[in-house]
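Everything on this sheet refers to the single structure shown next.
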Amino acid sequence: MQPDTAPVRFDTKIAVLLRDDLLTWQRLNVTAFLVSGIGTAAPEVIGEPYEDASGQRYLSMFRQPVLVFEGGEELLRSAHERAIGRQLPVSVFTSDLFATANDRDNRAAVRAVATDKLDLVGIAVHGPRNAVDRVLKGASMHH
Numbered sequence: 032m033q034p035d036t037a038p039v040r041f042d043t044k045i046a047v048l049l050r051d052d053l054l055t056w057q058r059l060n061v062t063a064f065l066v067s068g069i070g071t072a073a074p075e076v077i078g079e080p081y082e083d084a085s086g087q088r089y090l091s092m093f094r095q096p097v098l099v100f101e102g103g104e105e106l107l108r109s110a111h112e113r114a115i116g117r118q119l120p121v122s123v124f125t126s127d128l129f130a131t132a133n134d135r136d137n138r139a140a141v142r143a144v145a146t147d148k149l150d151l152v153g154i155a156v157h158g159p160r161n162a163v164d165r166v167l168k169g170a171s172m173h174h
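Straight run, no breaks: the sequence shown in the numbering used here ends on number 174.
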């Protein structure tokens, strides 16, 4: 049996939108935290475990690409509003989370601020490709 070599197309998209003024370490940290929420909320996006030719097993990862975008504070706020309005699964990272060191304090920091007052530095969203594209309208690919 020959392996299937046809390109794989996904009906859904996983995307991260980062505020464009973050330091490199912040971008990496925020992205890692944000996508962990997508994997727990949508387990179908997780592929099978990996194994190398020696039989060493590795953890599963997303089965589709994660696209990373950037934009200004206002774009991030609008994308957040659009994601919520479309009832898409969304994870958030606020500037307050840079000062916390654990999940309990992270959740408390978000809980303490109203939705429209969150100082967002990043969001991740998962959903139908066209819906995610509309949420991210105006954002550019991270470089």
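The C-beta atom is built at its ideal place from N, Cα and C for all residues, glycine as well.
Query, Result
"Output yes or no for whether 7 Å exceeds the beta carbon distance between residue 146 and residue 137.", "no"
"Between the beta-carbon of residue 166 and the beta-carbon of residue 110, is there less than 7 Å?", "yes"
"Measuring CB to CB, does residue 47 end up less than 7 Å from residue 99?", "yes"
"According to DSSP, is residue 63 helix, strand or coil?", "helix"
"Going by DSSP, which residues form a beta bridge with residue 46?", "98 and 156"
"Is the number of C-beta pairs between the segment 159-174 and the segment 85-94 that are closer than 8 Å three or more?", "no"
"For residue 174, does the count of other Cβ atoms within 10 angstroms reach 16, so buried, or fall short, so exposed?", "exposed"
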